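Report on the structure given below.
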Amino acid sequence: MKFNFKEEQLIIKPHKSQQSIYVREQKGVYQNYRRLLSWLLMITFIIIPFLQYQGQQAVLFDIGKQQFRIFAFTFWPQDFVLLAGILMLAAFALFFVTTWLGRVWCGYVCPQTIWTLAYVWVEHRIEGKRNQRIALDKSPWSLHKLQKKSLKHCIWLLMSFLTATTFISYFIPVQSLYLDLLSFNWTALITFWVLFFTLCTYGNAGWLREKVCIDMCPYARFQSAMFDKNTLLVAYDAQRGENRGARKLKDDSQQLKQEQGLGDCVDCNLCVEVCPTGIDIRNGMQYECINCALCIDACDETMTRFNYAKGLISYTSEQALTGETSKGFSFKLAAYASFCLVCSIAMVLWINARIPLEASILRDRNALYSVDYQGIIENTYTLKILNKSQQPLHFSIKVPEIDTTLLKLPKKLLIKSGAMQTVPLTLTADGNSLENKMTNISFIIQAIEQPSILLKRETIFFRD
Ligand code: SF4
Ligand code: SF4
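In terms of my numbering, the sequence shown opens at residue 15 and continues consecutively.
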């Protein structure tokens with residue numbers, strides 16, 4: 015069998031995710047919003063681990079101690095149901111926002127976008143504008159190129175290191191972490207995680223960039239399932255823009271447009287050059303588009319230069335592009351909003367009803383009971399109490415079903431915050447005072463300082 019390909023058909027072009035993208039720096043209204051939001055989020059990310067609440071780190075996910083502290087609340091592995099609630103709420107919130115505003119998360123809030131654009135900003139400051147960067151990369155290695163590249167990578171690594179240490183301080187108490195880091199007393203654990211997250215940040219924001227969004231992030235793949243005709247998207251108005259064609263600024267544009275049958279797109283290619291994922295929005299909606307609006311700002315700048323109306327590329331919806339009015343409300347949106355509301359209410363109620371105390375009671379397995387020479391019955395138990403609150407507390411233990419004069423129980427028990435205490439207990443009772451061979455009893459454990467912290471654990475008292 016003979017294949018008859020022309021020579022140019024045999025050239026395999028790399029997919030755009032394999033090509034280098036040189037993002038052109040762009041200023042504009044949406045970029046101002048995005049930068050402001052990025053700064054706010056970055057500053058919040060940096061200062062949260064340094065916040066103190068009642069003398070302790072306010073937000074700490076202490077994996078070693080299996081305690082997640084968020085201001086007045088400490089969560090334990092037993093509170094796993096809350097994590098499920100948070101994940102469900104996050105999922106429905108994401109569905110809601112994506113259906114309404116498209117990939118606004120990707121364009122404005124996603125750490126990958128924020129960090130990538132911050133790294134591009136550094137690159138721009140050191141290596142110059144887009145054309146200068148392309149020329150630098152094409153030029154042979156020289157001392158000048160080596161200096162620029164070294165400086166850029168050193169700053170990227172420093173930013174990655176600071177990001178890594180900040181991230182780790184959510185998991186290791188910030189004071190001890192920075193004391194260890196600054197005194198070079200790096201344990202194997204700290205060294206591993208600092209290196210790991212430094213390399214992850216450096217690799218993701220410095221090298222992989224848009225490849226994370228295009229090839230690795232699952233969100234890009236399933237977003238279209240959430241879109242509807244009213245979802246806000248970044249889109250090019252082809253009716254207005256086509257036929258695209260270059261023209262000179264000094265030309266009488268309107269007359270030239272009519273003569274040559276041109277639309278408003280002057281084919282300046284700026285919308286492609288500023289795009290961090292390297293796509294051409296004029297080709298229609300693409301899954302690579304992260305809704306960052308860099309192309310809107312670039313195109314608006316061009317439109318202003320040519321004295322055309324802004325908005326050739328804009329935030330719009332499929333419905334609006336066909337000339338119909340976009341509906342703000344849809345059943346899908348209302349359903350997602352209701353799920354968010356239900357999840358939030360359920361979580362607030364659950365947190366309110368949650369008691370920061372855990373206890374379990376175990377009977378002695380060797381003997382059901384013992385009887386002394388006076389006929390007094392003894393049953394032995396092991397009580398385990400976990401103080402899940404953020405303060406040390408005194409606990410009282412009561413068994414209302416047994417005559418209190420016969421109880422051999424500690425009057426009060428001091429248990430530190432986050433500590434579990436095992437208490438061996440012996441209950442005694444006059445055998446004649448109990449009607450049945452097995453009596454249901456309950457241990458009531460109550461914090462003396464905060465009586466609302468109270469738990470009841472049931473067990474059985476045996477007699478002969
Ligand atoms: S097409 Fe526009 S909005 Fe989409 S990723 Fe590129 S620059 Fe951002
Ligand atoms: S920035 Fe606007 S005018 Fe320039 S090529 Fe893109 S769509 Fe056309």
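Using N, Cα and C, we set each Cβ at its ideal position, and we do this for glycine too.
Bear in mind the structure is a predicted one, so any value in this text is a computation, not a measurement.
- request: Find out if the Cβ-Cβ distance for the pair Glu-415, Ile-455 is shorter than 8 Å.
  value: Contact flag set, yes.
Span separating the alpha-carbon of Thr-113 from that of Leu-355 | For Thr-113 and Leu-355, the gap between their C-alpha atoms comes out near 16 Å.
query: For Ser-174, which three-state DSSP category applies?
result: Of the three classes helix, strand and coil, the one that applies to Ser-174 here is helix, per DSSP.
Next item on the list: Along the beta strand (DSSP E) that carries Val-413, what are the first and last residues, could you check?
Entry: For Val-413, no beta strand (DSSP E) encloses it, and the DSSP letter there is neither H nor E.
_Between which residues of its own chain and Ser-183 is the CB-CB distance below 7 Å, once the five residues before and five after are set aside?_
Result list for Ser-183: Pro-63 and Leu-191, in chain order.
Next on the checklist: Which residue marks the beginning of the beta strand (DSSP E) containing Tyr-395, and which one marks its end?
Outcome noted: Counting along the chain, the beta strand (DSSP E) containing Tyr-395 begins and ends at 390–401.
Shortest alpha-carbon distance to Thr-339 belongs to which of Gly-389, Asn-244, Lys-79 and Gly-325? Checked all of Gly-389, Asn-244, Lys-79 and Gly-325; the closest Cα to Thr-339 is Asn-244.
State whether the stretch 104–113 contacts the stretch 337–351, with contact taken as three or more CB pairs (one from each stretch) at a distance under 8 Å. Yes, the stretch 104–113 is in contact with the stretch 337–351.
Quiz prompt | Alpha carbon of Pro-125 to alpha carbon of Gly-116, nearest angstrom | solution = Each residue's CA atom was taken as its position, placing Pro-125 and Gly-116 some 17 Å apart.
Considering only the beta carbon of each residue, do Arg-49 and Glu-287 sit closer than 8 Å? By the CB criterion at 8 Å, Arg-49 and Glu-287 fall outside the cutoff.
Check: Who are Arg-12's beta bridge partners in DSSP?
Finding: Limits of the chain in this structure are 15 at one end and 478 at the other, which puts residue 12 out of reach.
Anyone know if the C-beta pair for Ala-219 and Thr-130 falls short of 8 Å?
A distance below 8 Å separates the beta carbons of Ala-219 and Thr-130.
> What residue range is occupied by the uninterrupted beta strand (DSSP E) comprising Ser-328?
Replying inline: 327–330 is the span of the beta strand (DSSP E), which, as asked, contains Ser-328.
request  = Inspect the CB distances between the stretch 162–173 and the stretch 137–144 and report whether three or more fall short of 8 Å.
outcome  = Because the criterion of three Cβ pairs below 8 Å is met, the stretch 162–173 and the stretch 137–144 touch.
- prompt: What do you reckon, is the C-beta of Ala-202 under 7 Å from a heavy atom of ligand 2?
  reply: Using a cutoff of 7 Å, the CB of Ala-202 does not count as near ligand 2, since none of the ligand's heavy atoms is closer than that.
Given 8 Å, three or more beta-carbon pairs between the stretch 362–369 and the stretch 273–286: Judged by Cβ distances under 8 Å, the stretch 362–369 makes no contact with the stretch 273–286, as fewer than three pairs qualify.
| task | Return yes when at least one heavy atom of ligand 2 lies under 7 Å from the C-beta of Asn-244, else no. | result | False, no ligand heavy atom lies under 7 Å from that Cβ.
**Message:** Going by DSSP, what residue range makes up the beta strand (DSSP E) through Asp-444?
**Reply:** Its beta strand (DSSP E) spans residues 434–444.
Q. So what's Glu-21 in DSSP terms, helix, strand or just coil?
A. Here the model assigns Glu-21 a pLDDT of 42, short of 50, so the residue's position is not dependable, and the following value carries that caveat. Secondary structure at Glu-21: helix, using DSSP grouped into helix, strand and coil.
Closer than 7 Å: Leu-171 CB and nearest ligand 2 heavy atom = Incorrect: Leu-171 has no Cβ contact closer than 7 Å to ligand 2.
* Go ahead and label Gln-45 buried or exposed: buried means 16 or more other beta carbons lie within 10 angstroms of its beta carbon, across all protein chains shown. => By the neighbour-count definition (other C-beta atoms within 10 Å, threshold 16), Gln-45 is a buried residue.
Just the Cα atoms here: how many angstroms apart are Met-102 and Ala-360?
Cα to Cα, the separation comes out at about 11 Å.
Need the endpoints of the beta strand (DSSP E) that Tyr-481 sits in, please. In the structure as shown, the chain begins at 15 and stops at 478. Residue 481 is therefore absent and cannot be evaluated.
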